[in-house]
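Numbering (my numbering), first residue to last: 399 to 702.
Ideal Cβ positions, reconstructed from N, Cα and C, are used throughout, including at glycine.
Keep in mind that this is a model prediction, so the values were computed, not measured.
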């Protein structure tokens, strides 16, 4: 039997991918949505929503579920797997995952980003044993313990708030003198006496046995800080390693798109945090997804 060729394949079921699926399906396209983890993307990493218009009584998890529920209600075909590669032969793309091979007329890449690693000894060895990149996922495991957060950004401070409600003390370790979170978060920081900022300090090794027991730091002098967990929030990297079209990416690996969310490869679109842009928020991701789907639909109509 001849393999089905989908009109649009969407890689990633975060806010951008889910919005794209909704808009694409409502235009009567055949849609394939592929996700390697839980639908909702980074919505699953947050507890509260405070800046999504009109949403005041939903948690981030609730919004993720409602968006996914809407997609499923439209009859979008969803599969789970890790995309390994995408190639193009004439007008058809081939998407290979660790589970299947998909043929598609267009692709919307909405694969998001992952937290950047520090690259210090002990980091990889203790992932899942005290090193975590998701406070909401793992913070409750360290109730009554001391933990370290690495970073100086709004993300680092916001994650510290969640941790502070579960753990004994949170040490925010930053290379610079000051934290660079937005003013609202900096004001809120005063409400948490168990969050302690450790400035002008560089982590250089995570130590432990069966689990993390401490982190070695270099400030005015080198010393060992006893902690039970380390949460690095030092930035993000785009999930684009499966894309072979290097001309579609900037130096950091983010997808370069035009105002129609299309890359330099006809039929290949991007949306959400994975694209090169200045603001990465849920609301901008859903907008990207809608635009990408709208323009992918226009592209398909020109093919027929």
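**Asked** Which one or two residues does DSSP pair with residue 614 in a beta bridge?
**Response** 603, 622
**Item:** Among 675, 678, 659, 696, the one whose alpha carbon lies nearest that of residue 689
**Value:** 659
**Message:** Using 8 angstroms as the threshold, is the C-beta distance between residue 565 and residue 547 below it?
**Reply:** Going by C-beta atoms, residue 565 is not nearer than 8 angstroms to residue 547.
**Message:** Considering only their Cβ atoms, is the gap separating residue 665 from residue 504 smaller than 8 angstroms?
**Reply:** In this structure, residue 665 lies closer than 8 angstroms to residue 504 by Cβ.
**Prompt:** Does the Cβ-Cβ distance between residue 465 and residue 413 come in under 8 angstroms?
**Reply:** In this structure, residue 413 lies closer than 8 angstroms to residue 465 by Cβ.
**Item:** residue 504 - containing beta strand (DSSP E), residue span
**Value:** 499-507
**Asked** For residue 400, which three-state DSSP category applies?
**Response** coil
**Message:** Do residue 445 and residue 436 count as a contact pair if the criterion is CB distance below 8 angstroms?
**Reply:** no
**Request:** Taking residue 565 as part of the beta strand (DSSP E), name the residues at either end of that continuous run.
**Result:** Premise fails: residue 565 is in no beta strand (DSSP E) and is neither H nor E.
**Request:** Return the CA-CA distance between residue 426 and residue 693, expressed in angstroms with no decimal places.
**Result:** 14 angstroms
**Request:** Just mark residue 405 as buried or exposed, buried being the case when its beta carbon has 16 or more other beta carbons within 10 Å.
**Result:** buried
**Prompt:** Which ranges would you report for the beta strand (DSSP E) in the stretch 622-675 if only whole runs of at least 3 residues count?
**Reply:** The stretch 622-675 contains these whole beta strand (DSSP E) runs: 627-630, 634-636, 666-668.
**Prompt:** From this set, 587, 474, 601, which residue's C-alpha is nearest residue 612's C-alpha?
**Reply:** 601
**Message:** Pull the bridge partners of residue 495 from the DSSP assignment, please.
**Reply:** In the DSSP assignment, residue 495 forms a beta bridge with 481.
**Prompt:** For residue 548, which beta-bridge partners are listed by DSSP?
**Reply:** Looking at the DSSP assignment, residue 548 forms a beta bridge with 571, 630.
**Message:** According to DSSP, residue 446 sits in a beta bridge with which residue or residues?
**Reply:** For residue 446, DSSP records a beta bridge to 457.
**Asked** Run through DSSP, which three-state label would residue 536 get?
**Response** helix
**Message:** What would DSSP say about residue 428, mapped onto helix, strand or coil?
**Reply:** coil
**Message:** Quick check on DSSP: helix, strand or coil for residue 486?
**Reply:** strand
**Asked** Is the number of C-beta pairs between the stretch 622-639 and the stretch 536-546 that are closer than 8 angstroms three or more?
**Response** yes
**Request:** Under 8 angstroms by Cβ, that's how I've got residue 403 and residue 472 pegged, so tell me the actual separation to the nearest angstrom.
**Result:** Contact doesn't hold; Cβ gap of about 20 angstroms is too wide.
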